[in-house]
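S.K.:
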Amino acid sequence: MDVSTGRLRWLRVPTVIVGCGLVLAACGGSSTSNSNMAPNDKQILRTNSGTEPNSFDPGQQTYDYEGLVGRNVFEPLLKPTTDLKDVTGAAASSYDVSSDGLTYTFHLRQNAKWSDGQPVVAKDWVYGFQRLLDPSLAAGYVDPYFDTEIAGAQNYGNVDPKDTTAVKTFINGLGLSAPDDHTFQIKLATPAGYFKWAVTLWVATPIRKDIVDKKGYSTWASNPTDVIGNGMFKISEETPKDHVTLVPNPNYWGDKPHIQKWINYFISDTNQAFSKYQTGELDVLNVPLASQDAVTNDPKLKAEQHKYPSLNTFWLAMNLQKAPFNNVHVREAVSRAIDRNTLVNQVAKGQYTAVQSFIPKGMNGYTPSLGSVQDYDPAKGKAALQASGLPVSAYDTVKLLTRNTTTNLLLNQYFVNQINTNLGLHWTLDTKDSKTVTGTYLRKGNFQIYGSDGWGADYPDEQDWFDIFTTGGCHGTNWGCPNDKSYDDLVAKGDSALKQSDRQSYYDQAAALMENQYWVAFLYNRTEVDLVKPYVQGISDTGIDEGIYLPGDFHTNTIFIANH
Amino acid sequence: MAVAKGAPARGALLSIRLPRSRGANLALYIARRILWMIPVLLFVITLTFLLMHLAPGSPWDRGGGRQLSATIVQNLNTKYGLDKPLPQQFELYIWNVAHFDFGLSYQYENQTVTHILLESWGPTFTIGVLAFALIVPFGIGIGVIAALRQNTWVDFLAVGFSTFGASVPNFVIGILLIIVFSVEAYHLTGGNVFLPPGGFGLDFHVVLPVIALATLPIAYIARLTRSSTLDVLRQDYVRTAWAKGLRERLVVMRHVLKNSLIPVVTALGPTFAFLITGSVIIETVFAIPGIGRSFVVAVSSRDYPMILATTILYSVLIAVANLIVDLLYTVIDPRVRLS
Amino acid sequence: MAVAAPTTLEQIDWENPEQIGLWRDAWQRFRRNPIAVIGLFMVITITLLAILARIVFAFHLPFLQDYLTQDPANSDLGFFSKGHILGSDYLGRDILSRLLYGAGISLTIGVLTQFIYLAIGAGVGLTAGYFGGRVDNLLMRLVDVWYAFPDLLFLLVVVSVFGASLLTIFVSIGLIYWVDLARLIRGQVLSIKEKEFVEGARAAGSSPLKIILRHLVPNALGPVIVSLTFGIPRAIFLEATLSFLGAGIVPPTPSWGVMIQQGYESIFAHPEEVLTPAIAIAITMLSFSFIGDGLRDSLDPRMRR
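As they're listed, the protein sequences go chains A, B and C.
Numbering follows our numbering, in which position 221 of the first sequence is assigned residue number 221; successive positions increment by one, without gaps.
For our numbering, count along the second sequence from 1 and bump the result up by 564.
For our numbering, count along the third sequence from 1 and bump the result up by 903.
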């Protein structure tokens, strides 16, 4: 339903652009001539990412609000197609995989240039990846690369970051090489069918060694205007805590964006951002749950809503290592007790969709038949409690742990209420500040049940999802620690199988296992809701866009300002 | 009111007897007050440092999504020196602070705390100065007028205002202002005319936060001025002045105001301290990117260097403000002697 | 620090030995002060309503999530709709009952904090004043240092360290603001020590501590009561501020600060949800200020104008 809303709005934009959005790879940027397009001096886009990036160095970024640098000031090797079915060329025009699945060869664009005009060469890529994997940099998002994939990187955790020789040996031993200026080769330790997706991440960019050497290894990007990237935009100016301005990179190899000036503000206060959208100081605004009513009740704003499904799933995480949730029947009762329809329609004001399975719609490998075992059914929930064989006192006064953020409190007060009403129990909410929840409770496995836990896709491959529930992810990516050997095996097979259909079958089995065992109670999928002024057109959104500042941020060069 | 807060009543710190010239006295007094700040700051730093390290959760814990792996956490601890034993970290910190090095922020990777504080200083300073500029004339003006028109409707209004202003929390005032001038104005004018509910800019943006911040101190100063003016009005020399038939303005200016302001000056110290802590609240209500707001964010993200540096900065500001007020006091009231 | 409590306390000469009939006189004066009586009436009303709400709603209604009466498109109800006098919040909970429940929390924190003020403030003040000399000097230095702390910053750190619960909040507020009372009581002790009748009593062989207590209590009770009366709204204010900054009482407990903080997020959609608790805090704090002003005026006859 939400999907159709998003698409309907989108269909109203001129046909040329629609055609491009659907088959972008074929269409490229040939959509430049459009009679409706405003002149260049009006091509100004104003967005809000809510928070200033913690770092302008793509290697050191980890948060969604930092995406605009990694995705637009820099360009990764490959990028997802709009339908997210596959990857397409970005900084690399094409890539080959050796028959054993271990060597990836990326053919870099011949005419690729940095924003200062110097050519982008393969050694810049080697340096960017080496620096990312340098233990002394302690880059936050290194996980998708070092745990199994790049040859030599498995040692990451054993290198003492203070031992410069050891660090150097480690870096030079990585499977990264530049056979010539336009070929970048990565050797993997084991076959990984998803590796093409991993290199679409915004942290995986080339870095200029000469600039880093001059300005400082970890601090070279402290002054945002010093950042030289290979993406379609470059940073022209930054006012700390206020905004950053991007302008087209004149040296970009491909089609230049239509937007001539992209001002992204760092307004964290939702009321302030809301009023700025109203006064026309912002063109795009993410709508938080608390502001949804203000949008719904205003016909003009309601018409400017841009909804699109986002690849994420949220659930209640139960601690399988502790009573009472080491009992599968108690876990089933929890899942059965929560009415997801009231949740999404009333509590979440229509911003969410109900889910009962792990992989959300829109992901490669989404299997609609999964998830029915978690249906809302209080009677079955009560029966499950009976079947658990436990005395009522074992599960009557559970504490539901949650973070003290507005949305979490809103949702979890509802969950506790549902369980108490539908199962006749006496649960309470245990609210702690965010750092305490993670550090003192979750990481130490010191909790009974925690909500809302969830996952958002880094890329639309199921490996990114199933890996989090493996034994290795215990107290790191998953909190309940199911630690199930058969699940681990299925996921390992799925990760390394070369044929997509084989991978799919392994992952589906893994999904069925976790759903039947009620490892978690799947609850909802968050739909991105943005307000977009009618004159901002050409947005082609995907489920992994950072709607927090701009839907369609993966394909920014199709966005333009129409005459108004 | 006694000597303002932060002042040692009878300092035993420096009891060297020097020649009794006023200049030397003053210099000695200032030196002693500045020296006294050192143990105060040490105490502030020690307590804050200990508390912070008792705080649950680490700076590297995430609010959700992918957590940093144990290896990366360990590497980050190494990078920021958090792997060292606590006494050693403390020693290092004190040493660095003595050299005005407040370290790197944990939250904004690779930015120095000094850099962040300098960035956030502008909005905090602007709002504070504008509020102060309102407090002195309005506070004193309302107080004096109320006293001169005692028991009239003017007085009644002034007392009503100052009671309300001194009793209602400033964030409540801020929210009431937002509801009236932003939300309702927005709804009534169809979104055409309303004041910005937040953010910073040297335009309409400052109106609501400055009013919200200044209301309480204005009320407080008005109250104080009113009662001290009433005291002065009862003094013999004022009665004489009236009896001589001097014009009202002259009496007020020459006799009343000068003397009634003495207790008000001492109140400026606490007022300044209030503006500083008030900025934490007001900057949160109005989403102003100042120091107070970054402090609130730093506490929740366990950005230890940022928390420490802000606490130190605010302590120093309060101490310096009190010193200035005490010095001012001696200028206005020649009877007061520096000990 | 916070200037909410008018500091004219020090301007009053509390050492007036004319204590006979003081309390009856004070009450007479208080009764004749209409503003103070209104304040007292308001505080009693709020207290009774808070207690009544706990009995009548039996801890249930403030937490009842009523989805049946909600319209999904506009789920938070406005004033006077479907049996909710002040409307309902985003989870369909009755705002009036939450407001009254919150009154109980605010009053509890306000009053309990005063016991901590009193315990520490009196302890330090008595010790410093009684022993004098080096002990006095040391304790007063401590008081000075304590004053130098940016209070709200410290409070935020303390609460985030020890976790936000009713207990930590009132203990940490009490721990930070005892200094005013300590200074007040020390001053009283020092002045009494110098009085002739104390010298006389001492010469007659009475224990000095006994003398201090016997003479201190009637002398200091007035200013201490006034100080504590002003301490109550200050504690209520601090709790609400902490909750508003997200560091205070945690939901689902409906403290006023929590209600304001949550309502504030959707102020454009439902301004009334933040308006009601804001007005409740304002009225409560005003009422206590009225009482405080009234008490101060009536306990010091020379303050009357």
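By construction, the Cβ of each residue, glycine as well, lies at the ideal position given by its N, Cα and C atoms.
By the three-class DSSP mapping on this structure, what secondary structure does residue 843 (chain B) have?
M.R.: As a working note, residue 843 (chain B) is residue 279 in the second sequence. Looking at residue 843 (chain B) - three-state DSSP - the assignment turns out to be helix.
S.K.: Would a check of beta-carbon distances place residue 549 (chain B) closer than 8 Å to chain A?
M.R.: For residue 549 (chain B) there is no data in the structure shown, the boundaries of chain B being 565 and 903.
S.K.: DSSP three-state label for residue 286 (chain A), please.
M.R.: Position 286 of the first sequence, counting from 1, holds the residue named residue 286 (chain A). Strand.
S.K.: With distances taken between CB atoms, is the gap from residue 106 (chain A) to residue 184 (chain A) smaller than 8 Å?
M.R.: Here residue 106 (chain A) corresponds to residue number 106 of the first sequence, with the count starting at 1. Here residue 184 (chain A) corresponds to residue number 184 of the first sequence, with the count starting at 1. Their beta carbons are under 8 Å apart, which means residue 106 (chain A) touches residue 184 (chain A) by this criterion.
S.K.: Count the other C-beta atoms from every protein chain shown that fall within 10 angstroms of the C-beta of residue 455 (chain A), then say buried if there are 16 or more, exposed otherwise.
M.R.: In the first sequence, counting from the first residue as 1, residue 455 (chain A) sits at position 455. So residue 455 (chain A) ends up on the buried side.
S.K.: Between the alpha carbons of residue 1221 (chain C) and residue 779 (chain B), how many angstroms are there, rounded?
M.R.: The question about residue 1221 (chain C) has no answer here: the residues shown for chain C are numbered 904 through 1208.
S.K.: So what does residue 316 (chain A) bridge to, in DSSP terms?
M.R.: Translated into positions along the first sequence, residue 316 (chain A) becomes position 316. Partner(s): A:521.
S.K.: Could you tell me if residue 817 (chain B) is buried or exposed, where buried requires 16 or more neighbouring beta carbons within 10 angstroms of its beta carbon?
M.R.: By one-based count along the second sequence, residue 817 (chain B) stands at place 253. Counting Cβ neighbours within 10 Å, residue 817 (chain B) comes out exposed, since fewer than 16 surround it.
S.K.: Could you tell me the alpha carbon to alpha carbon distance between residue 372 (chain A) and residue 525 (chain A), rounded to whole angstroms?
M.R.: Start at 1 with the first residue of the first sequence, and residue 372 (chain A) comes out as number 372. Start at 1 with the first residue of the first sequence, and residue 525 (chain A) comes out as number 525. Rounded to whole angstroms, residue 372 (chain A) to residue 525 (chain A) spans 16 Å at the Cα level.
S.K.: Taking contact to mean at least 3 C-beta pairs separated by less than 8 Å, is the segment 767-787 of chain B in contact with the segment 717-734 of chain B?
M.R.: Taking 8 Å as the limit for Cβ pairs, the verdict is that the segment 717-734 of chain B does touch the segment 767-787 of chain B.
S.K.: So for residue 48 (chain A), helix, strand or coil by DSSP?
M.R.: The sequence position of residue 48 (chain A) within the first sequence is 48, counting from 1. Three-state result, residue 48 (chain A): strand.
S.K.: So which residues of chain B does residue 1156 (chain C) contact, with C-beta pairs closer than 8 Å?
M.R.: Translated into positions along the third sequence, residue 1156 (chain C) becomes position 253. Under the 8 Å cutoff, chain B gives no residues; its nearest Cβ is about 19 Å from residue 1156 (chain C).
S.K.: Could you give the first and the last residue of the continuous beta strand (DSSP E) run that contains residue 1024 (chain C)?
M.R.: For the purposes of this step, residue 1024 (chain C) is identified with residue 121 of the third sequence, where counting begins at 1. Where residue 1024 (chain C) is concerned, there is no enclosing beta strand (DSSP E), although the alpha helix (DSSP H) it sits in stretches over 998-1034.
S.K.: Do residue 1077 (chain C) and residue 1132 (chain C) have their C-beta atoms closer together than 8 Å?
M.R.: Taking the third sequence and counting its residues from 1, the one referred to as residue 1077 (chain C) is at position 174. Taking the third sequence and counting its residues from 1, the one referred to as residue 1132 (chain C) is at position 229. Cβ distance not < 8 Å, so residue 1077 (chain C) and residue 1132 (chain C) don't count as in contact.
S.K.: Could you check whether the Cβ of residue 290 (chain A) sits closer than 8 Å to any Cβ belonging to chain C?
M.R.: Looking up residue 290 (chain A) in the first sequence gives position 290. So, interface residue.
S.K.: Distance check for residue 636 (chain B) and residue 396 (chain A), CA to CA, integer angstroms please.
M.R.: By one-based count along the first sequence, residue 396 (chain A) stands at place 396. By one-based count along the second sequence, residue 636 (chain B) stands at place 72. C-alpha separation (whole angstroms): 39 Å.
S.K.: In this structure, how does DSSP classify residue 37 (chain A) when only helix, strand and coil are distinguished?
M.R.: Taking the first residue of the first sequence as 1, we reach residue 37 (chain A) at position 37. Of the three classes helix, strand and coil, the one that applies to residue 37 (chain A) here is strand, per DSSP.
S.K.: Can you tell which of B:787, B:843 and B:861 has the C-alpha that lies nearest to the C-alpha of residue 825 (chain B)?
M.R.: Position 261 of the second sequence, counted from the start, is the residue given in the question as residue 825 (chain B). Checking every option, the nearest Cα to that of residue 825 (chain B) belongs to B:787.
S.K.: Taking the C-alpha atoms as reference points, what is the distance between residue 1181 (chain C) and residue 1163 (chain C)?
M.R.: Within the third sequence, numbered from 1, the residue matching residue 1181 (chain C) stands at position 278. Within the third sequence, numbered from 1, the residue matching residue 1163 (chain C) stands at position 260. Going by the C-alpha atoms only, they are around 7 Å apart.
S.K.: Are residue 479 (chain A) and residue 461 (chain A) touching if we call contact CB-CB under 8 Å?
M.R.: Indexing the first sequence from 1 puts residue 479 (chain A) at position 479. Indexing the first sequence from 1 puts residue 461 (chain A) at position 461. Taking 8 Å as the Cβ cut-off, residue 479 (chain A) and residue 461 (chain A) do not qualify as a contacting pair.
S.K.: Counting along the chain, where does the beta strand (DSSP E) carrying residue 243 (chain A) start and finish?
M.R.: If you number the first sequence from 1, residue 243 (chain A) lands on position 243. From DSSP, the beta strand (DSSP E) with residue 243 (chain A) extends over 243-248.
S.K.: Looking at residue 359 (chain A): is its Cβ nearer than 8 Å to the Cβ of residue 465 (chain A)?
M.R.: Within the first sequence, numbered from 1, the residue matching residue 359 (chain A) stands at position 359. Within the first sequence, numbered from 1, the residue matching residue 465 (chain A) stands at position 465. Yes; because the gap between Cβ atoms is below 8 Å, this pair is in contact.
S.K.: If distances are taken between C-alpha atoms only, which option among B:711, B:699 and B:749 comes closest to residue 275 (chain A)?
M.R.: Mapped onto the first sequence, residue 275 (chain A) falls at position 275. Minimum Cα distance to residue 275 (chain A) is reached at B:749.
S.K.: Could you check what DSSP says for residue 119 (chain A) in three-state terms: helix, strand or coil?
M.R.: Here residue 119 (chain A) is taken as the residue at index 119 of the first sequence, counted from 1. Three-state DSSP puts residue 119 (chain A) in a strand.
S.K.: Which first and last residues belong to the beta strand (DSSP E) in which residue 703 (chain B) is found?
M.R.: Counting from one through the second sequence, the residue named residue 703 (chain B) turns up at place 139. Note, residue 703 (chain B): premise wrong, no beta strand (DSSP E); alpha helix (DSSP H) at 677-712.
S.K.: Would you call the segment 120-140 of chain A and the segment 202-214 of chain A touching, i.e. three or more CB-CB distances under 8 Å?
M.R.: These segments touch.
S.K.: DSSP three-state call for residue 89 (chain A): helix, strand or coil?
M.R.: Residue mapping note: residue 89 (chain A) aligns to position 89 of the first sequence, counting from 1. The answer is strand: DSSP assigns residue 89 (chain A) an E or B state.
S.K.: Where residue 568 (chain B) and residue 535 (chain A) are concerned, what is the direct C-alpha to C-alpha distance, given to the nearest angstrom?
M.R.: Looking up residue 568 (chain B) in the second sequence gives position 4. Looking up residue 535 (chain A) in the first sequence gives position 535. In this predicted model, residue 568 (chain B) has a pLDDT of only 36, less than 50, meaning its place in the structure is not dependable; the value taken from the coordinates is given anyway. If you take the alpha carbons of residue 568 (chain B) and residue 535 (chain A), they lie about 59 Å apart.
S.K.: Using three-state DSSP, classify residue 884 (chain B) as helix, strand or coil.
M.R.: Within the second sequence, numbered from 1, the residue matching residue 884 (chain B) stands at position 320. Residue 884 (chain B): helix per DSSP, three-state reduction.
S.K.: Helix, strand or coil: how does DSSP classify residue 27 (chain A) here?
M.R.: In the first sequence, the residue the question calls residue 27 (chain A) occupies position 27. In this prediction, residue 27 (chain A) scores a pLDDT of 37, lower than 50, which makes its location untrustworthy; no coordinate-derived value is stated.
S.K.: With the cut-off set at 8 Å, would you say residue 1095 (chain C) and residue 1152 (chain C) are in Cβ contact?
M.R.: Along the third sequence, read from residue 1 onward, the residue named residue 1095 (chain C) stands at position 192. Along the third sequence, read from residue 1 onward, the residue named residue 1152 (chain C) stands at position 249. Not a contact, by the Cβ cut-off of 8 Å.
S.K.: When you compare the CB of residue 868 (chain B) with every CB in chain D, is at least one pair closer than 8 Å?
M.R.: As a matter of chain content, chain D is missing from the structure shown, whose protein chains are A, B and C.
S.K.: With distances taken from CA atoms, which of A:318, A:175, A:220 and A:88 is nearest residue 189 (chain A)?
M.R.: Taking the first residue of the first sequence as position 1, residue 189 (chain A) is located at position 189. Ranking A:318, A:175, A:220 and A:88 by Cα distance to residue 189 (chain A) puts A:175 first.
S.K.: If you measure between the beta carbons of residue 559 (chain A) and residue 543 (chain A), is that distance less than 8 Å?
M.R.: Stepping through the first sequence from its first residue, residue 559 (chain A) is reached at position 559. Stepping through the first sequence from its first residue, residue 543 (chain A) is reached at position 543. The answer is no: Cβ separation not under 8 Å.
S.K.: Which residues of chain A have a Cβ atom closer than 8 Å to the Cβ of residue 1209 (chain C), listed in chain order?
M.R.: The displayed coordinates of chain C run from 904 to 1208. Any statement about residue 1209 (chain C) would go beyond what the structure contains.
S.K.: Might you give, ordered along the chain, the residues of its own chain that have their beta carbon closer than 8 Å to the beta carbon of residue 1192 (chain C), omitting 5 neighbours on each side?
M.R.: Mapped onto the third sequence, residue 1192 (chain C) falls at position 289. Answer for residue 1192 (chain C): 942, 1133 and 1136, listed in chain order.
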